[in-house]
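Take the sequence shown: its position 30, counted from the start at 1, is 30 in the UniProt record's numbering, and no numbers get skipped. Beta carbons are placed, not taken as given, at the ideal position from N, Cα and C, and that holds for glycine. All of these numbers come straight from a predicted model, not from anything done at the bench. Report on the structure given below.
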Amino acid sequence: MPGADPAGWHGLTPVSTGEPLRGGGDVVTLTPSTLQTLTDCPLRWLAERHGGTNPRDLRSTIGSVVHALIAEPHRSESELLAELERAWQHLPFAAQWHSDNELARHRAMLEAFVEWRSQSRGALTEVGVEVEIDGTLQTGDGEQVRLRGRVDRLERDAAGRLVIVDVKTGKSPVSKDDAQQHAQLAMYQLAVSEGLVAPGGDTVEPGGARLVYVGKAGAAGAVEREQDPLTADAGDEWRQVIRRAAAATAGPQFVARRNDGCTHCPIRPCCPAHTDGAAR
Numbered sequence: 001m002p003g004a005d006p007a008g009w010h011g012l013t014p015v016s017t018g019e020p021l022r023g024g025g026d027v028v029t030l031t032p033s034t035l036q037t038l039t040d041c042p043l044r045w046l047a048e049r050h051g052g053t054n055p056r057d058l059r060s061t062i063g064s065v066v067h068a069l070i071a072e073p074h075r076s077e078s079e080l081l082a083e084l085e086r087a088w089q090h091l092p093f094a095a096q097w098h099s100d101n102e103l104a105r106h107r108a109m110l111e112a113f114v115e116w117r118s119q120s121r122g123a124l125t126e127v128g129v130e131v132e133i134d135g136t137l138q139t140g141d142g143e144q145v146r147l148r149g150r151v152d153r154l155e156r157d158a159a160g161r162l163v164i165v166d167v168k169t170g171k172s173p174v175s176k177d178d179a180q181q182h183a184q185l186a187m188y189q190l191a192v193s194e195g196l197v198a199p200g201g202d203t204v205e206p207g208g209a210r211l212v213y214v215g216k217a218g219a220a221g222a223v224e225r226e227q228d229p230l231t232a233d234a235g236d237e238w239r240q241v242i243r244r245a246a247a248a249t250a251g252p253q254f255v256a257r258r259n260d261g262c263t264h265c266p267i268r269p270c271c272p273a274h275t276d277g278a279a280r
């Protein structure tokens, strides 16, 4: 029975070390996804960083294929669908019915993306796809955090501001309120305002950010969730969020925090924030 062995009970074995995981002068590197995880649950970040993740499955492989296809600028719908079907022949589905159903669903995703891209051209102009972020952010008191990541799509609005677009293949959009507090989007916007995204390192006023759910089709081809343009005050607040997240990577204590991601967390069965011992 899971958890029956006293050797695995919390509190019965001594702590292996009370030392932090890194020195105080080290520059921490954060990606948008690690910032989100550290904000949601520092313990999950620690576990996933040291092997506590599920093996890469077919679903994540398909998601990578879809993202690779939509990253190709100016490809027509027919070209994208043809590429998807060519790639599909190499995916290891266990049953043909499953392959057929998933192919139809992911064809619909590409169709939704193409429709969204077409409908949004009146408000947005493409600047780049898979745009790299890599630079140092000053977080206060001489502290620095290195920000690294890749923006799915970088767009420019009618006012000349840069807009972040993060394409999602999931079927469950976050709420509108949660999108406003979305750590990944905020980090991208802060990177824009710091000149870590624009060509040449120029600082540009951020024009907001969008989550585009191609797995949830709407009238405009995809469901959107928006984050308002980052103000100076909001930028300062998120700078402190990043500072705290970077500090949390040192430990030696890592908080287990309940959040919406617990349902799919790979370490939930042994998480101290969940005492039921059941994986859900």
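Each of 228, 83, 151, 167 was checked against the Cα of residue 113, and the nearest Cα belongs to 167. Within the region 181-253, the complete beta strand (DSSP E) runs of at least 3 residues fall at 206-213, 223-227. For residue 105, the enclosing alpha helix (DSSP H) covers residues 96-119. Under the three-pair Cβ rule at 8 Å, the region 102-121 does not count as touching the region 129-145. The DSSP-derived three-state label of residue 171 is coil. Excluding its 5 nearest sequence neighbours in each direction, residue 255 has C-beta neighbours in its own chain below 7 Å: 42, 43, listed in chain order. Taking 8 Å as the cut-off, the beta carbon of residue 95 is found no closer than this to the beta carbon of residue 65. Beyond the five residues adjoining it in sequence on each side, residue 228 comes within less than 7 Å, by CB distance, of 180, 208 in the same chain, given in chain order.
In the assembly as shown, residue 90 is an exposed residue. Its beta-carbon has fewer than 16 other beta-carbons within 10 Å. The continuous beta strand (DSSP E) containing residue 151 extends over residues 143-157. Non-local C-beta neighbours of residue 128 in its own chain, meaning closer than 6 Å and more than five positions away in sequence, comprise 154, ordered along the chain.
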